[in-house]
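**Student:** Protein chains in written order, with the working numbering: chain E, 17 to 310; chain Z, 17 to 307.
Idealized CB from N, CA, C, for every residue including glycine.
Every value quoted in this text rests on a predicted model; they were computed, and no experiment measured them.
Structure incoming, see below.
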Amino acid sequence: MSGPRLVPWMPPSPRAFAAGLHAAELRLGQWIWGLGARPLAWLALAFALACGSAQAQSEPGQASIAATMLKYLPALLDGFAMNILIGVLATLIGTVTGLLLGIGQLSLFGPVRGVSFLATQLFRNTPTMVLLFYITTLVPTQATLFDLEITIWGWLKATLAISLSTMSNTAEVVRGTVQTTPQGQWDGAYALGFSRGQALWRVILPQGLPLMIPPLLGYFIVIVMATTLASVVGVAEVLATARFALSIEEGRDELLAPMYLMVLLLFFLSSYAMTQAVALLQRRLIGRKDGGAP
Amino acid sequence: MVTGSARSQGEPAGVQLRGAPVLGRAELPETAGRVMEAWLGALTESVASGFKWLNANHGYNVTVFYDAYDWQRFVDGLWVTTWLSLVCIVASLVIGLMGALIDRANLSLATAVNDGFFSFFRYTPPLVQIYFVYFGIGYLLPTVEDGFGGREPILGGLALAIVALSCYAGASNFVIFRAAMAAVPRAVAEGALALGYGEAATYRHVVLPLALRLCLAPLLNNLVNLVKATAMAFAVAVPEVVYMTNQIGADAGNRAEMMTLLLVTYCLVVSVLAFGVGKVEDAMRLPGQAA
């Protein structure tokens, strides 16, 4: 019954803040090395090695590997912005619809429960790649809505596919969280005269939602990584941009490893930073040092 | 029935029932086989005619169910997916376990390399990993004669996709194994040592069995995810089911139907897997462990 309790975050007193700052200064170097910099150092080393070996293989008279990489970096960053855009949109759409679907699975009305369950299973048990192919094939590119011609771009279809995947996973998280809420909370709410819907919105979900935030933020990283799948259906995101850049530099096979490694580096940097931030948030949100791990 | 015919040369083999004629060993399965073949034939025929009718009357053209060649391609694709999944599951388990044991050994340099390797595969997208391994590393590999006068890399798309996917899933397995080993109380291992178990025997008989049951749920979920992730091998032209379905769709011009078939196939297969995994989890749950 003793689930992780929520402790509201309070600004520390000046003294505690100063003491914390001092301790933080002492441990900063250690912390950066231990958590942030070590894998990054490895990746930077691998990138440097790849560039170096590629340089050794390249023919004389061509632009150096480093210069070529630098030339395509802005384009890659543009592509990466597309990944983030699709990722953020899919997360927003998927979380909201997933919340509804998760609640739908708990409905006392059979048909709603059944449809919610089937929808969750369908989208959860299908690879995002397959969903993406399905939607790109079956959703028309041109549609008429109230006499209005609208174009459904490839990236919108990709967003839709990834949203569906996100939705089903969120639904499972919501269902699990609500179902693990102690029965006493429901009983207490009913005793106070709440209806089932009121109990859910006013008592159960307010307790569960903050606990869902860290796993959902962690899932955001997975979603952003899944957006690279959009490249196989022709969306101009970072992987497609890298492939396009490689096709411009045709014949320079030594560029392959550094180019893909650069894409990996972009994802690594953002995912790793995000993971650390989520872990920090989780320690803040849940008053336990281990972040409420079972 | 190779064994049956080989044996029947030496001895008068047969099933002698009282009052019944001697039934040759080879005949019984043969008859059953013929009956089954007839049934399967009838089934195939009726399914085929059903889908032909669907195509003729509703324009819903699922060639796979009435065209023998497309059916063969689809089954080949499924077979490659199955095979790819199994190999990747075994390899990812080995990779994850090795990583967790290295991590546990607490050697500073080995741990640093280990952490770097697994962080790399955890925090980067699997599709880019596949491209990187296929193009980046595949390019550096030595080449061999391809039998047509040219040269080809020593490892093809399938092998390199296996490498990339195994490392990707292995990274998650590593984290799961590491957490599970940390969750086994130190006193249990110490107790085993006190009873005279060696270091290796303690792991083999005490720590690993307990850790395995602790981490079974996330581990099996990750392996189901790996089965889903094998769809990405399509990107480097591994002839698995997504690739084959796309091929059939392009050849027969029925992409929409093929994509639906692919969606349904994956959903069914993974649902069955997920259901089985749930059953195994229930059966293997440690007494007293939370659901």
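Would you mind sorting S21 (chain Z) into buried or exposed? The rule is 16 or more other CB atoms within 10 Å of its CB.
**Tutor:** Annotation note: pLDDT 47 at S21 (chain Z) (below 50); position unreliable, no value reported.
**Student:** In angstroms with no decimal places, state the Cα-to-Cα distance between D298 (chain Z) and G250 (chain E).
**Tutor:** Computed Cα separation, rounded: 43 angstroms.
**Student:** Could you pull the start and end residues of the alpha helix (DSSP H) that A258 (chain E) belongs to?
**Tutor:** First-last of the alpha helix (DSSP H) with A258 (chain E): V254 to I264.
**Student:** Leaving aside the five residues before and after L122 (chain E) along the sequence, list all residues of the same chain whose C-beta is less than 7 angstroms from its C-beta, in chain order.
**Tutor:** Excluding positions up to five away in sequence, the list reads R191 and V194.
**Student:** Along the stretch 269-287 of chain E, what residues have a CB closer than 7 angstroms to any CB found in chain Z?
**Tutor:** For the stretch 269-287 of chain E, which is checked against every Cβ of chain Z, the residues closer than 7 angstroms are D269, L272, A273, Y276, L277, V279, L280, F283, F284 and S287.
**Student:** Beta-carbon of R304 (chain E) versus every beta-carbon of chain Z: anything under 8 angstroms?
**Tutor:** In this predicted model, R304 (chain E) has a pLDDT of only 49, less than 50, meaning its place in the structure is not dependable enough to derive any value.
**Student:** Starting from T84 (chain E) and walking both ways along the alpha helix (DSSP H), at which residues does that stretch end?
**Tutor:** I81 to G120 is the span of the alpha helix (DSSP H), which, as asked, contains T84 (chain E).
**Student:** For the beta strand (DSSP E) containing A159 (chain E), list its first residue and its last residue.
**Tutor:** Its beta strand (DSSP E) spans residues Q158 to L161.
**Student:** Closer than 6 angstroms by C-beta to S132 (chain E): which residues in its own chain qualify, once you throw out the five before and the five after it? Chain order, please.
**Tutor:** Excluding residues within five positions, the ones whose Cβ falls inside 6 angstroms are L117, G120 and Q121.
**Student:** Would a C-beta distance cut-off of 8 angstroms place N189 (chain Z) and L236 (chain Z) closer than the cut-off?
**Tutor:** No, the Cβ-Cβ distance between N189 (chain Z) and L236 (chain Z) is not below 8 angstroms.
**Student:** Taking only beta-carbon positions, decide if N141 (chain E) is within less than 8 angstroms of chain Z.
**Tutor:** Cβ-Cβ to chain Z under 8 angstroms: yes for N141 (chain E).
**Student:** Do you know whose CA, among E:P222, E:A187, E:A70 and E:M98, lies nearest A252 (chain E)'s CA?
**Tutor:** Here the closest residue by C-alpha is E:M98.
**Student:** Distance, Cα to Cα, S135 (chain Z) vs S182 (chain Z)?
**Tutor:** Going from the Cα of S135 (chain Z) to the Cα of S182 (chain Z) covers about 14 angstroms.
**Student:** Which of helix, strand or coil does DSSP assign to V78 (chain Z)?
**Tutor:** Of the three classes helix, strand and coil, the one that applies to V78 (chain Z) here is coil, per DSSP.
**Student:** Report yes or no: is there a C-beta of chain E within less than 8 angstroms of the C-beta of G294 (chain Z)?
**Tutor:** Judged by the 8 angstroms Cβ criterion, G294 (chain Z) is not in contact with chain E.
**Student:** Which ranges does the alpha helix (DSSP H) cover as unbroken runs of at least 4 residues, wholly within the stretch 167-244 of chain E, from first to last along the chain?
**Tutor:** Listed in chain order, they are 170-196, 199-207 and 221-242.
**Student:** Can you pull out the residues from the stretch 109-139 of chain E whose beta carbon lies closer than 7 angstroms to at least one beta carbon of chain Z?
**Tutor:** If the cut-off is 7 angstroms between Cβ atoms, the stretch 109-139 of chain E has Q137 and L138 near chain Z.
**Student:** Taking only beta carbons into account, state which residues of the stretch 146-158 of chain E come closer than 8 angstroms to chain Z, listed in chain order.
**Tutor:** Listed by position, the residues of the stretch 146-158 of chain E near chain Z (Cβ gap below 8 angstroms) are V146, L147, F149, Y150, T153 and L154.
**Student:** Indicate whether L280 (chain E) and T140 (chain Z) have their beta-carbon atoms separated by less than 8 angstroms.
**Tutor:** Yes, they are a contact pair.
**Student:** Helix, strand or coil, according to DSSP, for L171 (chain Z) in the structure here?
**Tutor:** DSSP places L171 (chain Z) in coil when its eight states are reduced to three.
**Student:** Could you tell me which residues DSSP puts in a beta bridge with T159 (chain Z)?
**Tutor:** BP columns for T159 (chain Z) point to Z:P169.
**Student:** With DSSP as the reference, please indicate the residues paired to E165 (chain E) in a beta bridge.
**Tutor:** In DSSP, E165 (chain E) forms a bridge with E:T160.
**Student:** How about A251 (chain Z): is its C-beta nearer than 8 angstroms to some C-beta of chain E?
**Tutor:** Yes, its Cβ sits closer than 8 angstroms to a Cβ of chain E.
**Student:** Based on Cα-Cα distance, which residue from E:M183, E:L176 and E:T84 lies nearest to L101 (chain E)?
**Tutor:** The shortest Cα separation from L101 (chain E) among E:M183, E:L176 and E:T84 belongs to E:L176.
**Student:** Looking at A185 (chain Z) and L224 (chain Z), is the spacing between their C-beta atoms short of 8 angstroms?
**Tutor:** Cβ atoms of L224 (chain Z) and A185 (chain Z): not closer than 8 angstroms.
**Student:** Does DSSP put Y288 (chain E) in a helix, in a strand, or in coil?
**Tutor:** Y288 (chain E): helix per DSSP, three-state reduction.
**Student:** Quick one: using the 10 Å Cβ neighbour count with 16 as the cut-off for buried, is R218 (chain E) buried or exposed?
**Tutor:** By the neighbour-count rule (16 or more Cβ atoms within 10 Å), R218 (chain E) is not buried but exposed.
**Student:** On the criterion of 16 or more Cβ atoms from any shown chain inside 10 Å, does D86 (chain Z) qualify as buried, or is it exposed?
**Tutor:** Buried: at least 16 other Cβ atoms inside 10 Å.
**Student:** Return the chain-ordered list of same chain residues with a C-beta closer than 7 angstroms to the C-beta of V112 (chain E), the five sequence neighbours on each side being excluded.
**Tutor:** Here the set comprises nothing.
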